[in-house]
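Heads up: the protein sequence lines correspond to chains A and B, in order. With my numbering applied, the first sequence closes on residue 259, and no number is skipped along the way. With my numbering applied, the second sequence closes on residue 259, and no number is skipped along the way. Don't be surprised by glycine CBs; every beta carbon is placed ideally from N, CA and C. Let me begin by presenting the structure, written as structure tokens, before commenting on it.
There are 2 protein chains.
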Amino acid sequence: MNEDVEQVRKSIRMGEWSKPTTGLASGYTQANLVILPKKYAFDFLLFCVRNPKSCPLLEVTDAGSPTPSKIAAGADLRTDVPKYRIYQNGKMVKEETDISSYWRDDFVSFLIGCSFTFEKALQDNGIPLRYIEEERNVSMYRTNIPCESSGIFNGPMVVSMRPMKPAEAIRAVQITSRFPSVHGAPVHIGDPDAIGITDLGKPDYGDAVTIHEGEVPVFWACGVTPQAVVMDSKPDIVITHAPGHMLITDMTEEEQAVL
Amino acid sequence: MNEDVEQVRKSIRMGEWSKPTTGLASGYTQANLVILPKKYAFDFLLFCVRNPKSCPLLEVTDAGSPTPSKIAAGADLRTDVPKYRIYQNGKMVKEETDISSYWRDDFVSFLIGCSFTFEKALQDNGIPLRYIEEERNVSMYRTNIPCESSGIFNGPMVVSMRPMKPAEAIRAVQITSRFPSVHGAPVHIGDPDAIGITDLGKPDYGDAVTIHEGEVPVFWACGVTPQAVVMDSKPDIVITHAPGHMLITDMTEEEQAVL
């Protein structure tokens, strides 16, 4: 395992780091986390399979196992995320930095790709990320693009938006197409109305950012989608990471590329 | 729907065509079929998710639904495959051209990508396919590459092999990387021993083909893998297509390309 990853994961486990993971263990893939009882697992797994743009699966654990052996063999899903959210019947009841006391033998954990991965690739190609420049959170919006439903899981796609020049948008399509496991190519470029977004200045999640003259908004399927859908469908218990507080995996970002 | 597809599917449904589908409705994606009772569906779905090279999912139906609404909305999975195989406890008990009388409300159908798709792309790039030249079935081998297990589903990867010149192998990597949903890039090039194949002249499935001086064997994960694994794990009932007798979908081959 990489020394950086080991160091960071240890300090998260010890409770020394409970802040967002942006910029930690640079070059390593970070993952969204959704933990559900087994009785919901088939429907949620099928939801992810049916909606690979917003819910790209990096790994699904066996019921009861807190070890993501494929992407982070040394990690413990009960302690190695800096902050968790506990939801009961669709309502957030608590934030925790350790969920050992909540753990159950029927919990199945879903690790879902995070767009941090392709953001580094975008930056390496000289494409500016406005929300980093402006020290804000990325802008995210509910759209009118329906997800394909599965059992109780149903809802619209959430997208993240990055403004850029048209030539940069073309390059961004090329770059992000290499990374289908972390949301891949954009789902829309340009007119926000066309996908049901009425005001770019009022994101549903995250912060608004400046869009300069001559820039177009570029929209990617977002890892908030499964969380929003899971909340809407109100299972009796769900545990997720707190937004921005991701699991750091052993896989390099480049390992996610298909080309 | 394309006229060709409609025509072919109709003649299959009427029982007028019960032969392999190779070359039918050219340009349209064909799919492998595995039908299992719901009680096995979570474990098998997770098996496919964990082994995307050999089990790329094109669609999974809701329990009881014979309609693959995403990839072939007008099709009926009970009648639109030219030949089916019925397995009980891991043993083939019957071949049928219509499975309406076997159908159950708890059946979940898995449509899995078929390498026919990238074979057309290989041919379009001037890469010869020996088994077509020699009018045989493609050579397939069990390897020592373990699949990642899920519940009762466990076993080695089966690969298909195509011999070609090294420069063609390089081009074949580029071409097939565009098609991850139909097995994608090769899993191995060269020495068969390295993946547990002792004699290329004795394939486990299909026929042996001639390998010319200066050619290397190129190996792709094969759609026979899930069938072999399902047979090994002996569920009480499984229905699959008969080898080569695929479902013809409404999706063009080019729609499967990620780039």
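Item to check | Runs of alpha helix (DSSP H) wholly within the segment 219-251 of chain B (minimum 4 residues, chain order) | outcome: 224-233
Item to check | Contact under 7 Å by Cβ, Val216/B with Pro166/B | outcome: The count along the second sequence starts at 1 and reaches residue 216/B at position 216. The count along the second sequence starts at 1 and reaches residue 166/B at position 166. Yes. Within cutoff.
Next on the checklist: Please tell me whether Val49/A has its Cβ less than 7 Å away from any Cβ of chain B.
Outcome noted: The residue you call residue 49/A lines up with position 49 of the first sequence. Chain B, which has a Cβ nearer than 7 Å to the Cβ of Val49/A, makes this yes.
Checklist entry - Within the present structure, is the beta-carbon of Thr79/B separated from the nearest heavy atom of the ligand GTP by less than 6 Å? => result Only the bare structure without any ligand can be found here, which leaves the ligand GTP out of the picture.
Item to check | Sequence-distant residues of its chain with Cβ nearer than 6 Å to Tyr141/B (five each side left out) | outcome: Counted from its first residue, the second sequence places residue 141/B at position 141. Cβ neighbours of Tyr141/B beyond the five flanking positions: Val159, Ile197, Pro203 and Asp204.
Checklist entry - Under 7 Å between C-beta atoms, does Val230/A make it to chain B? => result As a first step, residue 230/A must be located in the first sequence, where it is residue number 230. No, because no Cβ of chain B sits closer than 7 Å to the Cβ of Val230/A.
Next on the checklist: DSSP three-state label for Lys94/B, please.
Outcome noted: Position 94 of the second sequence, counted from the start, is the residue given in the question as residue 94/B. In the structure shown, Lys94/B sits in a strand (DSSP, three-state: E or B).
Checklist entry - What does Leu46/B touch in chain A if you count any residue whose Cβ is under 8 Å from its own? => result The sequence position of residue 46/B within the second sequence is 46, counting from 1. Neighbours of Leu46/B on chain A, chain order: Leu45 and Val60.
Checklist entry - Identify the residues that DSSP records as bridge partners of Met164/A: which are they? => result As a working mapping, residue 164/A is identified with position 164 in the first sequence. In the DSSP output, where bridge partners are listed per residue, Met164/A has Val216/A.
Next on the checklist: Let me confirm a value: Glu119/B is counted as buried when at least 16 other C-beta atoms fall within 10 Å, else exposed. Which label applies?
Outcome noted: Along the second sequence, read from residue 1 onward, the residue named residue 119/B stands at position 119. Classification for Glu119/B: buried.
Next on the checklist: Buried or exposed for His212/A, going by 16 or more other Cβ atoms inside 10 Å?
Outcome noted: By one-based count along the first sequence, residue 212/A stands at place 212. Exposed, because fewer than 16 other Cβ atoms sit within 10 Å of the Cβ of His212/A.
Item to check | Same chain, Cβ closer than 8 Å to Lys267/A, five either side skipped, listed in chain order | outcome: Outside the shown range of chain A (1 to 259) lies residue 267/A, about which nothing can therefore be said.
Checklist entry - What residues in its chain sit with their C-beta under 7 Å from that of Ser181/B, if we drop five residues either side in the sequence? => result Here the question's residue 181/B lines up with position 181 in the second sequence. Result list for Ser181/B: Pro56, Leu58, Gly113 and Gln256, in chain order.
Checklist entry - Over what stretch of residues does the alpha helix (DSSP H) that includes Ile12/A continue unbroken? => result By 1-based counting over the first sequence, the position of residue 12/A is 12. Here the alpha helix (DSSP H) through Ile12/A covers Glu3 to Arg13.
Item to check | Any C-beta of chain A under 7 Å from that of Phe42/B | outcome: Counting from 1 along the second sequence, the entry for residue 42/B is found at position 42. So yes, Phe42/B belongs to the interface.
Checklist entry - Mind pulling the chain A residues with CB within less than 8 Å of Pro180/B? => result Locating residue 180/B in the second sequence gives position 180, counting from the first residue. Under the 8 Å cutoff, chain A gives Pro180 and Val258.
Checklist entry - What is the C-beta distance between Ala25/B and Val8/B, in whole angstroms, given that I count them as a contact (C-beta under 8 Å)? => result For the purposes of this step, residue 25/B is identified with residue 25 of the second sequence, where counting begins at 1. For the purposes of this step, residue 8/B is identified with residue 8 of the second sequence, where counting begins at 1. Correct: roughly 5 Å between the Cβ atoms.
Next on the checklist: Taking the alpha carbon of Gly190/B as the reference point, which residue from Ile175/B, Met161/B and Arg171/B has its own alpha carbon closest?
Outcome noted: By 1-based counting over the second sequence, the position of residue 190/B is 190. Nearest option by C-alpha distance: Met161/B.
Next on the checklist: For a contact defined as C-beta to C-beta under 8 Å, what are the partners of Leu57/A on chain B?
Outcome noted: Walking along the first sequence from the start, residue 57/A turns up at place 57. Here the neighbours are Val49.
Next on the checklist: Cβ closer than 9 Å: which chain B residues qualify as neighbours of Ser54/A?
Outcome noted: Start at 1 with the first residue of the first sequence, and residue 54/A comes out as number 54. Within chain B, no residue comes near Ser54/A; the closest Cβ sits about 16 Å away, beyond 9 Å.
Item to check | Range of the contiguous alpha helix (DSSP H) that encloses Pro119/A | outcome: As a working mapping, residue 119/A is identified with position 119 in the first sequence. For the record, residue 119/A in the displayed sequence is Glu; it is not Pro. First-last of the alpha helix (DSSP H) with Glu119/A: Phe116 to Asp124.
Next on the checklist: Tell me which residues share the same chain as Tyr28/A and place their Cβ nearer than 8 Å to its Cβ, disregarding the 5 neighbours each side in the sequence.
Outcome noted: Residue numbering aside, residue 28/A sits at position 28 when the first sequence is read from its first letter. Contacts found: Asn2, Asp4, Val5, Ile248, Thr249, Asp250, Met251, Thr252 and Glu253.
Checklist entry - For Ser69/B, is the classification buried or exposed, using 16 other Cβ atoms within 10 angstroms of its Cβ as the cut-off for buried? => result Counting from one through the second sequence, the residue named residue 69/B turns up at place 69. With fewer than 16 other Cβ atoms within 10 Å, it is exposed.
Checklist entry - Using a Cβ-Cβ distance under 7 Å, would Ser177/B count as near chain A? => result Here residue 177/B refers to the residue found at position 177 when the second sequence is read from its first residue. Yes, because at least one Cβ of chain A sits closer than 7 Å to the Cβ of Ser177/B.
Checklist entry - Which residue from Ser18/A, Asp62/A, Pro20/A and Phe219/A puts its Cα closest to that of Asp105/A? => result For this step, residue 105/A is matched to residue 105 along the first sequence. The candidate whose alpha carbon is nearest that of Asp105/A is Asp62/A.
Item to check | Those runs of the alpha helix (DSSP H) which lie wholly inside the segment 14-56 of chain B and span at least 4 residues | outcome: 38-50
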